[in-house]
Structure formats: C-alpha cells, structure tokens
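What follows is a single structure, written as structure tokens, with notes after it.
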Amino acid sequence: MAESLPKCEIESKNLILKLQKKLEGRVEAIPPFVESIMKIVQSMGCAAGKEREVEIALLEALANAVVHGCKRDPTKEVECCVACDESRGLLVIIRDPGQGFDPASIPSPILGQNLFSTHGRGIFLINQLMDEVRYEKGGTEIHMKIS
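Per my numbering: the sequence shown = residues -5 to 141.
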C-alpha cells in the first residue's frame, strides 16, 4: 500500500526543492528529523542567512504537533512539507492529526505571570522568526514562510 504524503500547496516552475516527509509522534524523533531537513535546505541554498530561524521555527512547530496533535503517540504521524522557490522563498507546512486549536486563545508569553511559565513560547517564537505564519484546518496545519 502506498504511503500518503502531505500535499505541498506551493506550485511553481521555479521550485528548487520540494520535500515531503512524515514524523512519528515521538518527541525524541524531532531533532534528527529537523537535522535531516536542514541539511537539505542548506545544501539547496534555501533561506540563505536565515537557516537558524527556520531550524528553530521547525523545531517548535514539530514539537507542538507531536505534543499537542499526536499526544506523544508514536502510532500517530505528523506530515511535513518543505518547498523552496527561488523568487518566493521557503515554505514549510506541518499537519498533525489532533483536534486543532484557536491561535488567538494562546496567551502571550511576554505578559504578566506568563513570563515565569516553563512552556508556551513556541507559537510566539515561530511568529517572531518567520515572515508569514498562518493556521489552517482548525489549527491542525501551520504554514510558515520565510523570504
């Protein structure tokens, strides 16, 4: 049976990279997964000079997908698509099998008592590091773009 892979919604004749992968719902699987993607992104020259920003945003988005979307269940999978277009930049799409969430309901980690929290900074960091961030499909899908 053929494995279903995520659909990259960036279609262009100028694509220099279109990578589609799945990650099992284990936190331990995230670092080597990100490392393998970043090696390809770097070798293709995608997001030149902004690789660290992409790497951190990717780590945070995948951690959210595994922890909240998969509930750390290794039988569940996160879908990841990375596309690089010479004129439009790098697009990363991550989908999880969870219930989703409302991004507006997430409290700011830089206000009040949230400053002392030991978690809850991932979405804030992603928004600071990437040029464009949007959530689709009820929050089960994040689209991150950097030019």
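Don't be surprised by glycine CBs; every beta carbon is placed ideally from N, CA and C. The model shown is predicted, which means the values in this text are computed figures rather than measured ones.
On the three-state DSSP scale, how would you describe residue i?
{"i": "R89", "result": "strand"}
{"i": "G114", "result": "coil"}
{"i": "I136", "result": "strand"}
{"i": "E71", "result": "strand"}
{"i": "E10", "result": "Checking the displayed sequence, the identity of residue 10 turns out to be Ile instead of Glu. The answer is strand: DSSP assigns I10 an E or B state."}
{"i": "A98", "result": "helix"}
{"i": "L(-1)", "result": "At L(-1), the pLDDT of 47 sits below 50, so the modelled position is not reliable and the matter cannot be decided from this model."}
{"i": "L105", "result": "coil"}
What are the boundary residues of the alpha helix (DSSP H) that includes residue i?
{"i": "E47", "result": "45 to 58"}
{"i": "Q36", "result": "24 to 38"}
Among the options, which residue has its Cα nearest to the Cα of residue i?
{"i": "K142", "options": "P25, I31, G43", "result": "Within the shown structure, residues of the chain are numbered from -5 to 141, placing residue 142 beyond reach of any answer."}
{"i": "D90", "options": "A42, A41, K65", "result": "K65"}
{"i": "L119", "options": "G133, Y129, N108, P103", "result": "P103"}
{"i": "P25", "options": "V127, A51, G94", "result": "A51"}
{"i": "T134", "options": "F95, T112, N108", "result": "F95"}
{"i": "E54", "options": "I117, C40, K33, G63", "result": "I117"}
Determine the contact status of residue i and residue j, defining contact as a CB-CB distance below 8 Å.
{"i": "I10", "j": "C78", "result": "yes"}
{"i": "V48", "j": "L85", "result": "no"}
Can you find a C-beta in chain C that's less than 8 Å from the C-beta of residue i?
{"i": "S37", "result": "Looking for chain C here will not work: only one protein chain is present."}
The beta strand (DSSP E) spanning residue i covers which residue range?
{"i": "V21", "result": "Note, V21: premise wrong, no beta strand (DSSP E); not H, not E."}
{"i": "E130", "result": "126 to 130"}
Count Cβ pairs between the stretch 16 to 28 and the stretch 64 to 72 that sit closer than 8 Å; are there 3 or more? Judged by pairs of C-beta atoms under 8 Å, the stretch 16 to 28 touches the stretch 64 to 72, as three or more such pairs exist.
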